[in-house]
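One line per chain: the protein sequences are A and B, in this order. Throughout the first sequence, residue numbering follows our numbering, covering 12 to 270 in sequence. Throughout the second sequence, residue numbering follows our numbering, covering 78 to 335 in sequence. Where a beta carbon is used, it is the ideal one built from N, C-alpha and C, also for glycine. Bear in mind that the values here come from a model prediction, so they are computed numbers and not experimental data.
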Amino acid sequence: MKKLNQFALRISRLRGFLLPIAVALIWEFMSRQGDAYAYTFVPLSQIILSFIELLKSGELLINLVATLQTTVTGLILGGVTGLLVGGLMAVSPTANKLIGPLYHTLRQVPLLGLIPLIALWFGNGLFSKVLIVSLAAFYPVVLNTFEGMRGVEKKYIEVSSVLKFNRFQLFINVLLPAAMPSILTGVMHALAFAWISTVGTELLFSTGPGLGGLMQIAQEASRMDIVIIAVASIGLTGLLMNNGLFRISQYLLRWRSVR
Amino acid sequence: MTKVWGWADSFRAHSVYFLSPLLLLVIWAWVCSVGIFPEQILVSPYGVYETSRELWASGELPLHLQDSLYRLGWGFAIGSLLGLLFGVLMGLFQSVNSFFAPSFNSIRQVPTIAFIPMLIMIFGVEETFKIVVVAKAAFFPVILATYDAVKGIPRSYFEVSRVYQLPTWHLITRIVLPATTPPILTGFRLALGRSWMVLVAAELIAADSGIGQMMEMGRQMFRIDIVLVGVLVTGLIGFLFDRGLRSVEAHLGKWKYR
């Protein structure tokens, strides 16, 4: 009886594969309806062949590394600036009153809507790309740093005033560690936004190497197989980075006694 | 008398919020009047105002706006309703969940923008592709919020419905939807913001009308004033959507705290 239940469980797990298999079958069916259809619905075998080819020629790897470089550079620049600005806003009420409203006003503009403006000002090279990605990473880190530091328990700050900490010591020894969980949540958001905006800028600028550029060129050449491979790589890499960062943040927060 | 003073106090308390944006505006105007940058690089705030009035009077801006909002409306309606439907069904029935969850979770990993080239190849550059992109952007925040909300309904509500032998349809409309309204509305708000951003991006890439296309044309013609008007309009619309749905949330969520 137990075995039967396990079998039923295993079957029910397979249900999740039903939909993708159905889509793949319909896709394959459509691709065999004639040459015109095969343009859009590339045969599945063709996708695998192209994938091997892209791997062998190194094209996929070069573009992936370029995209990753833009994302990581933007994440670090935007993240560090965001941490400093958010920290400043949390420590100094004057800075908060001055920067806060400006921050909330500028944040309203959809980031990718800024691309034409930034392209006019700074051209469509690497600098513009990194600038947009940095902005994408900057916004969530500022917000989470500020809220995390504002939420620090009063008693910690009282202890630090008893110990006669100056502002810098307060920031490094009390506020930063106490706000770390919130800041790391902000960095997780920042990573997701940075990844999205990297792909977006690569699509819109279509200069230099990168998965977005690869996709754009493949679309113009009607190479659906390459487009699909690029889309899958973008999704998979995003997922891996997300999981990796989550692991790191768990490691950094191991001192917390939660549950 | 006290009322007047109270108003003055609140004005003083709030006026500080306008300080830094106003300061930025003043610096912007000053830099323009000094003429450090040529007009192709930076237009004065007054120039942006003039251009926006011109674009509005010539009917160009209303037309772009209308096209963008039409796409947003259809895409958002389709995406969010599908999200609501799947979210409720997947939250209520484990079997539906096990069929769809793995596929949805893998599609969710890919940023919507990355699907644009693929969708252009399937649907062409006409309206369909933009509506599909917006629908995809709206679908996932709504389905996630709905699913979580349905999962969070107290078990006792379902027991009551079983006692009264409510048919499934009534279970959904009378219990599930009212109980989950506040978190679902939050999902709608997120979805609307993302849809708007994705739509502008899609219009930047491929469109013959819309706010995004207006900005892209402005960029190609080196008309920075038009680009700035576009940036302002997209920001303003995003802001209004957010505020509007927040007030709806506050209004509809009231019953909870009574």
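By the Cβ rule, the segment 118 to 138 of chain B counts as touching the segment 302 to 309 of chain B, because three or more pairs are nearer than 8 Å.
Exclusion of the five residues before and after Gly315/B leaves Gly270, Trp273, Met274 as the residues of its chain whose Cβ lies within less than 8 Å of its Cβ. When the five nearest sequence neighbours on each side are left out, the beta carbons in the same chain lying within less than 6 Å of the beta carbon of Met226/A are those of Val238, Ala241, in order along the chain.
For Arg258/A, the closest of Thr196/A, Pro188/A, Pro112/A, Phe157/A by C-alpha to C-alpha distance is Thr196/A. Here DSSP, grouped into helix, strand and coil, assigns Glu164/A to coil. With fewer than 16 other Cβ atoms inside 10 Å of its own Cβ, Gln171/B counts as exposed.
Counting other Cβ atoms within 10 Å of its Cβ, Met298/B stays below 16 and is therefore classed as exposed. When CB distances to chain A are screened at a threshold of 8 Å, the residues of the segment 290 to 301 of chain B falling below it are Met292, Glu293, Gly295, Arg296, Phe299, Ile301, in chain order.
Around Met252/A, no beta-carbon contact reaches into chain B at under 9 Å, the shortest distance being about 11 Å. By the C-beta density criterion, Glu213/A is buried, having at least 16 other C-beta atoms within 10 angstroms.
A distance below 7 Å separates the beta carbons of Phe217/B and Arg185/B.
Annotated as distal: Val202/B and Ala279/B, with beta-carbon spacing of 7 Å or more.
With respect to the 7 Å criterion, Val227/B and Val165/B are classified as neighbours on the basis of their beta carbons. When the Cα atoms are used, Ile207/A and Asn254/A turn out to be separated by approximately 16 Å. About 7 Å separates the Cβ atoms of Gly168/B and Thr223/B, confirming a contact at the 8 Å cut-off. With a cut-off of 8 Å on Cβ pairs, the segment 163 to 182 of chain A is not in contact with the segment 118 to 128 of chain A, counting fewer than three such pairs.
Counting C-beta pairs with one atom in each stretch, the segment 104 to 121 of chain A and the segment 214 to 224 of chain A have fewer than three that are closer than 8 Å, which means they do not touch. Taking a contact to require three or more Cβ pairs closer than 8 Å, the segment 229 to 237 of chain A and the segment 95 to 107 of chain B do not qualify as touching. Under the Cβ distance rule, Leu215/A counts among the residues neighbouring chain B, one pair being separated by less than 7 Å.
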